[in-house]
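Respectively, the protein sequence lines represent chains E and V. FYI, the numbering for the first sequence is 1 to 398, going by the working numbering. FYI, the numbering for the second sequence is 1001 to 1297, going by the working numbering. Idealized CB from N, CA, C, for every residue including glycine. One structure below.
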Amino acid sequence: MKVYVTGFGIISALGLGAGATLGALSNRQSGVGPLHWLETMHSHLPCAEVPFSTQELRKMAGVAQDKVITRTALMGILALREALEMALWNEHKPLNPVLVSGTTVGGMENTERFFLDFISPDTSHDHYILAHDCGVCTQMIADHFGHFDMLSTLSTACSSAANALILAADMIRTGRTSVAVAGGSECLSRFHLNGFNTLKILDKDPCRPFDNTRAGLNLGEGAAYLVLESEESAKARGVKPICLLSGYGNACDAYHQTASSPEGDGAVLSMKKALHEAGLTPQQIDYVNAHGTGTPNNDESEGKALMRVFGADSVPPVSSTKGFTGHTTSAAGSVESVISILALLHNFLPANLNYSNHMEMLSFKPVTDEKPSRPLSHVMTNSFGFGGNDTTCIFSKI
Amino acid sequence: MGVYIQAAAQISVQNPLCDDWLDNPIQYQVPYQRAIEADYRQFLDPVASRRMGRILKRAIATSMTVVTSSGITNPDAIIVGTGLGCLETTERFLLALVQEGEEFLQPTNFINSTHNTIASHIAVHLKCNAYNSTYVHLGVSFESALLDAFMQFQLGRIHSALVGGHDELIPNYFYILDKVGFWEGKLASECAVSFMLSDKPGNHPMARIREVVLLHDADEKRLDDAINQVCERLSTVRKDWISPPSVRPIFGESFTSQAFEMYAAAVKMQRGLIADNILLINQYRGTETSLIFLSKC
C-alpha cells in the first residue's frame, strides 16, 4: 500500500515555515550563529537556535500565558499547524488520526532549571514536574489541536523523528488509520549541549560536513511534521498528495553507544532496507540528504556506507544540510525529510555548506552546485542516532 | 498470522527471573520499593557490569533469559518501551550540571542517559543489527513497543522480536512524583520484563497475541467501539474476553507495569490458571489507553 505525504511543516534556525526554509536553502543563508536564548557558559559554541524566544513562540502558537508548556512543544505546535493547514485538516477532518512524535530532551529545559527545587520541599515549580516527560510533550502538541485518536512517542536519539515516520506509515499500511502525522521536536537545553560538549564533538566554528578539516557538529533545534495518508483517504478528503514516502529502513549498528562502526554497517543496512521497501535500485536515487553531522567519525563512516550502497563510482549527489540548521537531534529526521521534499518539489540540490577540502578516503564530493544534472524523482534521507539507531527514508515524486 | 510469546522473564520486587510470585508473592507495606536484583555474573563480565546502571543490567539479564529459553539468539527486532529511561545516569549528569556547573562534567553519564541506551545495549550485547526502536509514551510505553512489533509481524518484515518494558525508579524521582500525588498511595516500584515473540509457537508457547490497540482521550463509548471492532475482526464477541484482576499490587506501579500484566497473564495462561481469551486494559491517567488481546495457544 502506498503512503502519501499530504502536508508538512517546519520550524528551525532558518525560520518558521517551508517558505522561509526554502528561501534560506536557496540563498545559502545558514542558521548557525551565536546563542541568543540558551544560558550557558559555552556561549562561544555556535548553535542553530530557532530565532524566536520561548515567549514569542508562545504568542505565535496562541498558547495562553498561564498554560504549562515547553519550548519543545511550542515548536512542535507551530510546525504541526503548518503541516495540518497544508493537508486541509480543518476543512476535511480525517477519521481517527494518529500523532507520532520523536523527542529525547522532552521537558529537560525546565527540569534543569528547577531540579533542585523539585527534590526539595519547595513547591513553587512543581507544575513543571509532569511536563518533564517526552510523552507529555506529544500530548501538549496533540491537545493543542485536539481530535487525535492515538498518540505515541519515539526516542531513538537523533533518529527519533525518522522512526516516528516509520511507525506512522506502518499504522497506515496495517489499516489501523488512514491518516498519521509524524515527526519530531527538540529544543536546545544545557543538558544536551553539555552532554555533546563532554564528548568533544562540538565544533567551535560553523560545522564543515564531509570536509577533510571537519571538527565536529553544531547543535540546532527545531521541529517538523509530515501528514502521511492513504490514497483512499486523500481522495475522500479532496487533498492533493505532495509526494510518496516510498520506502524506509531501520537497522542497528550494534557497535558502540556513541561511535559509528568504521565501515558504516548499520547505515548500509538501513539504506538497503529502504531501497528494498521502495522497490528502487540505488541508481534511481537522485539525491541523498546525509546525516552528515560534521564529526570526523560520522562523516567517514557514513561516506563509506554510501560508497558501499551505491558503488564508489556512482554515489548520487550527497549533501548534509546541518550547515544550515545545525544538528536538530531528535527532530533531524523530520527536519531533513522536509528539506529533502523541498528539494524534490523544487528540483534543486541543497548545498553542503562550508565544504572546501576533499576527504581522501571518499570517492565523492558533497553538493556545491544546487543545479541537478537530472530532474529529481527519488530522494533519500539518513538519520543516525547514538546507540547505532540508523534510519533511512525515501521520498518519491508521484 | 500468529504472534506467539515464546518466552518471558522479569526482574521486579518479586524474586527475579522466576515465577515464585505465583505461589508465594512477597508482600510490601511500603510506598516505594526497588527491584530485587538478579545475579548478573551469569550474564555480564564484572567490568561490563560495573559500567552499567541497574536498568541496563536488568534489561540484559531479562533479555538473555528469553534468548536462552527460546533459542532465538538473533531476533529480527529489538524494541523497548520505557517511561522514564535511564533515570540513574540522567540524574547523575543533571545533578552535576546544576550543582557543580558546566565545567567538569563526565561524558559517561550523558552517553548512558538517552532512552534508547537500553535497546542499543541489548543490540550490542547480542551483536544484533536488526530493527531497533524505543518508545517513551508515558504509561503506555511498553504497549507502544508491543504495537510496533505486532505491526512488523503483520507486514511480514520479521519472524521474531525481543520486546521489553523497562523502568527504574530512583529515590529522588519517587519523591518528585510523590510531591504531585502521582502514586496515589500505590506501591511505587521498578520494572524489567522481556518477551521473545515469534511468528511460530515453538515448543512451549505461553500465549498468542491477537491484537494491540492504543487510544488517546478515549471516552467509554470510544473504548467500547474499539474493543468491539477487534472482537468482530477476531470473529469473537465481547463476552469471550475476560479481564483478570491486576497484578500491580504484586509487582507495583511503574510507567511500564503493563508489561507485568502481560507477563503474568501469559504465565497463568500457559498453566491453565486463567481464561483462554484475555483482554488487558490499561488506562493511564485518563488520557492514554491500551488494549492487549491474548489467547491460549
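Neighbour list for Met1151 (chain V) in chain E, Cβ cutoff strictly below 9 Å: Contact of Met1151 (chain V) with chain E by beta-carbon distance below 9 Å involves Leu167, Asp170, Met171, Arg173, Thr174 and Arg176.
Consult DSSP for Val1230 (chain V) and reduce its assignment to one of helix, strand or coil. helix
If we define contact as Cβ-Cβ less than 8 Å, is Phe1293 (chain V) a contact residue for chain E? no
Straight-line CA distance for Thr213 (chain E) to Asn357 (chain E)? In this structure, the CA atom of Thr213 (chain E) is about 7 Å from the CA atom of Asn357 (chain E).
I want to verify the contact list: residues of chain V whose CB lies under 7 Å from the CB of Asn163 (chain E), in sequence order. Ser1133
Say yes only if the C-beta of Ala1188 (chain V) is nearer than 7 Å to one or more non-hydrogen atoms of the ligand GDP, and no if none qualify. No copy of the ligand GDP appears in this structure; indeed no ligand is present at all.
Contact criterion: CB-CB distance below 8 Å. Does Glu221 (chain E) meet it with respect to chain V? no
Stretch pair the stretch 3-14 of chain E + the stretch 223-240 of chain E: three plus CB contacts closer than 8 Å: yes
For Ala1038 (chain V) versus Ala1061 (chain V), is the C-beta spacing smaller than 8 Å? Judged by their CB atoms, Ala1038 (chain V) and Ala1061 (chain V) are nearer to each other than the 8 Å cut-off.
Measuring CB to CB, does Ile1005 (chain V) end up less than 8 Å from Ala1266 (chain V)? yes
Which same chain residues, not among the five before or five after Ser260 (chain E), have their C-beta less than 8 Å away from its C-beta? Asp253, Gly266, Ala267, Asn297, Asn298, Ser301, Glu302, Phe384 and Gly388
Cβ-Cβ distance between Arg28 (chain E) and Ala351 (chain E) below 8 Å: yes
Could you check whether the stretch 137-155 of chain E touches the stretch 1137-1147 of chain V, counting it as contact only if at least three pairs of C-beta atoms, one from each stretch, sit closer than 8 Å? yes
How far does the alpha helix (DSSP H) with Cys1297 (chain V) in it extend, from its first residue to its last? Careful: Cys1297 (chain V) lies outside any alpha helix (DSSP H) and carries neither H nor E.
Bridge partners of Ala1207 (chain V), per DSSP? V:Ile1005
Pick from E:Ala274, E:Cys47 and E:Lys365 that is closest to Lys204 (chain E), judged by C-alpha positions: E:Cys47
Would you please state the rounded distance, in angstroms, between the beta carbons of Gly1202 (chain V) and Ser1063 (chain V)? I believe it to be under 8 Å. Rounded, the Cβ-Cβ distance is 17 Å, inconsistent with contact.
Take Thr1287 (chain V) as the anchor and find which of V:Gln1099, V:Thr1236, V:Val1193 and V:His1216 has the nearest alpha-carbon. The closest CA to that of Thr1287 (chain V), considering only V:Gln1099, V:Thr1236, V:Val1193 and V:His1216, is found on V:His1216.
Which first and last residues belong to the beta strand (DSSP E) in which Gly1164 (chain V) is found? Ser1160 to Asp1167
Roughly how many whole angstroms lie between the Cα atoms of Asp117 (chain E) and Asn1172 (chain V)? Using only the alpha carbons, I get a separation of about 11 Å.
Assign Ala157 (chain E) to one of two classes, buried (16 or more other C-beta atoms within 10 Å of its C-beta) or exposed (fewer than that). buried
Kindly indicate which residue of E:Leu78, E:Leu45 and E:His42 has the alpha-carbon position closest to the one of Thr54 (chain E). E:Leu78
With 16 as the cutoff for other CB atoms within 10 Å, does Asp133 (chain E) come out buried or exposed? Counting the other Cβ atoms within 10 Å of the Cβ of Asp133 (chain E) gives 16 or more, which makes it buried.
Per-residue burial, Gly249 (chain E) [other beta carbons within 10 Å of its own, 16 or more giving buried]: Here Gly249 (chain E) is buried: its Cβ has 16 or more other Cβ atoms, across all protein chains shown, within 10 Å.
Reduced DSSP category for Thr255 (chain E) - H, G, I as helix; E, B as strand; rest coil: Correcting the residue identity first, residue 255 (chain E) is Tyr in this sequence and not Thr. Reduced to three states, the DSSP call for Tyr255 (chain E) is coil.
Can you give me the C-alpha to C-alpha distance between Tyr1175 (chain V) and Ser155 (chain E), rounded to a whole angstrom? Near 25 Å, if we compare the C-alpha coordinates of Ser155 (chain E) and Tyr1175 (chain V).
Contacts around Thr328 (chain E), its chain only, beta-carbon distance under 7 Å, and the 5 residues preceding and following it disregarded: Ser12, Glu186, Gly220, Glu221, Gly222 and Val335
Three or more C-beta pairs closer than 8 Å, one from the stretch 1150-1168 of chain V and one from the stretch 93-113 of chain E: is that the case here? no
Quick check for students: name the residue ranges of the beta strand (DSSP E) that lie wholly in the stretch 1001-1067 of chain V, counting only runs of 3 or more. 1003-1011
Whole-angstrom C-beta distance between Ala162 (chain E) and Ala331 (chain E), which should lie under 8 Å: Between Ala162 (chain E) and Ala331 (chain E) the Cβ distance is about 10 Å, and since that is not below 8 Å, they are no contact.
Mind checking if Phe1174 (chain V) is an interface residue toward chain E, Cβ cutoff 8 Å exclusive? no
Taking the CB atoms as reference points, tell me whether Val98 (chain E) and Met150 (chain E) lie closer together than 8 Å. yes
Collapsed DSSP secondary structure at Gln1106 (chain V) in the structure displayed: In this structure, DSSP gives Gln1106 (chain V) a state outside helix and strand, which the three-state scheme calls coil.
Taking the C-alpha atoms as reference points, what is the distance between Gly1101 (chain V) and Ser43 (chain E)? 14 Å
Which term fits Leu95 (chain E), buried or exposed, when burial requires 16 or more other beta carbons within 10 angstroms of its beta carbon? exposed
Say whether chain V places a C-beta atom closer than 8 Å to the C-beta of Ile129 (chain E). yes
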